[in-house]
Structures are given as C-alpha cells and as structure tokens.
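Numbering (our numbering), first residue to last: 8 to 226.
Backbone N, C-alpha and C define an ideal beta-carbon position, used for all residues, glycine too.
Report on one structure; see the data block that follows.
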C-alpha cells in the first residue's frame, strides 16, 4: 500500500522520523534531495540551488523534470523484504510523490511563469504517459495532509504553494487526471499544533494515522 504524506515547511522531517519510529513495520521514504544537489555532469552541479533569482526561468523546467523522475524511480522501488512479511501487508509512506510534483510544484511554476506554456504541455504529456504506463505501481491509496494555518504561511512563494495544496486536497478544485488519485482518502492533521515536542499530540496523530491506514486496508 502506498501512502503519501503532504506538507509544507511544517516540520516534515520531524513528522517523518516520528512515523518511522512509531511504525517500524512501515517504510517511510524521504525526498531524494541529495540527487537534486549532486548531479554528475561536468563536475558536481546543485540543481536545487538554481530554483531562485535569475536562474529560475532557465532551470525551473529542468528541475521539475529531474525531481519528478527521481520521485518516480523511488516509487517504483519494490517494498523491502521485511515489509512483505508484515501481517498487515507492506505499507510504504512517501514524503511527497510524483503527484505533488505535478499538481503542486510544476503547476505552481507554470502559474508563476517560470515554466512556459510549451514546457508545461510537454511536462503534462510525459507525466500522464508514465502514470498510465506504470499504473498501480505508482498509485496512491491514501494521503496524509499535514496542514498549516493560513496565517502561518507568510512568504509569497510558500503562500502560493499553500494555495495549491488547498485547491487539490481540500477544495478539490484542481483538475486531477487520475480517477484513483481523485478518490484517494485524505487525512488532514493540524500542523499549527505543536507536535514536535509534545508526546500527547504525537500519540494522537499516530493514532489517527494508524486508523487511516486501517481504513485504507479495509477498502
């Protein structure tokens, strides 16, 4: 079972570690950031650093292509052997996915103008082709949305990403090109609550995540 955790600058690493610690029978897969920072071409190239300032227009499409492909490779990896022996079945939890790449980050880049209309059309075309080709191997069965309060999202870029999250996961107004993704149940957790150092909140959130997983398994 594939589940994605979606969050926006609200203690994502802490929550990922919390999930892994509380659910040792699951596999929690973090974003492949090191691959974006260490591209071997002529020397080592940090593509992630090109996503700001004057380099934004030049490298946005390149970055979104590379990030989506690296996420795709991660999601196509088979479950670890220990997961296959789990009584409840293999559970893989991803820190974002190929779908957040398209419906949050690439879409936002297009709306901001750092990806032009031709690049956006090409991106959508090959993204749809890959999703169709790999089907259930990359399909999500559920989503966990660690949602910040709107007043906590202040930087302009982060605010725009927050709007994209709300459109897709809360308002359901984003045009999603996958029936299974549209139907994927979303568990929303309040990220404005201090969970990093409060064991009671951590226990409450893990309980909700476990119930979410049980609900998905029963479907």
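Output needed for residue i: all residues of its chain with C-beta closer than 6 angstroms, excluding positions within five of it in sequence on either side, in chain order.
{"i": "residue 110", "result": "175 and 181"}
{"i": "residue 90", "result": "34 and 97"}
{"i": "residue 67", "result": "116, 121 and 122"}
{"i": "residue 161", "result": "For residue 161, the pLDDT reaches just 47, beneath the cut-off of 50, and the residue's location in the model is therefore unreliable, leaving the point undetermined."}
{"i": "residue 75", "result": "105 and 108"}
{"i": "residue 198", "result": "17, 153, 154 and 155"}
{"i": "residue 29", "result": "213"}
{"i": "residue 87", "result": "34"}
{"i": "residue 63", "result": "121"}
Assign residue i to buried or exposed, taking buried as 16 or more other Cβ atoms, counted over all protein chains shown, within 10 Å of its Cβ.
{"i": "residue 191", "result": "buried"}
{"i": "residue 103", "result": "buried"}
{"i": "residue 164", "result": "exposed"}
{"i": "residue 144", "result": "exposed"}
{"i": "residue 83", "result": "exposed"}
{"i": "residue 78", "result": "buried"}
{"i": "residue 186", "result": "exposed"}
{"i": "residue 5", "result": "Because the chain here runs from 8 to 226, residue 5 falls outside it and cannot be looked at."}
{"i": "residue 222", "result": "exposed"}
{"i": "residue 217", "result": "exposed"}
Assuming residue i contacts residue j under a Cβ cut-off of 8 angstroms, what Cβ separation, rounded to an integer in Å, is found between them?
{"i": "residue 151", "j": "residue 194", "result": "5 angstroms"}
{"i": "residue 167", "j": "residue 119", "result": "7 angstroms"}
{"i": "residue 26", "j": "residue 100", "result": "6 angstroms"}
{"i": "residue 39", "j": "residue 81", "result": "6 angstroms"}
{"i": "residue 184", "j": "residue 135", "result": "6 angstroms"}
With a CB to CB cut of under 7 angstroms and the five nearest residues on each side skipped, what residues in its chain are close to residue i?
{"i": "residue 37", "result": "23 and 102"}
{"i": "residue 208", "result": "200, 201 and 202"}
{"i": "residue 126", "result": "68"}
{"i": "residue 6", "result": "Because the chain is modelled from 8 through 226, residue 6 falls outside the range shown and cannot be assessed."}
Identify, in the order they occur along the chain, each residue of the same chain with its Cβ nearer than 8 angstroms to the Cβ of residue i, setting aside the five sequence neighbours on each side.
{"i": "residue 215", "result": "194 and 196"}
{"i": "residue 72", "result": "130"}
{"i": "residue 124", "result": "117"}
Quick test of the definition: if touching needs 3 or more C-beta pairs under 8 angstroms, does the segment 18-29 touch the segment 195-215? yes
Which full runs of the beta strand (DSSP E) of 3+ residues lie inside the segment 105-161, going along the chain? 149-154
Completely contained alpha helix (DSSP H) runs for the segment 163-223, where each covers 4 or more residues: 163-172 and 186-190
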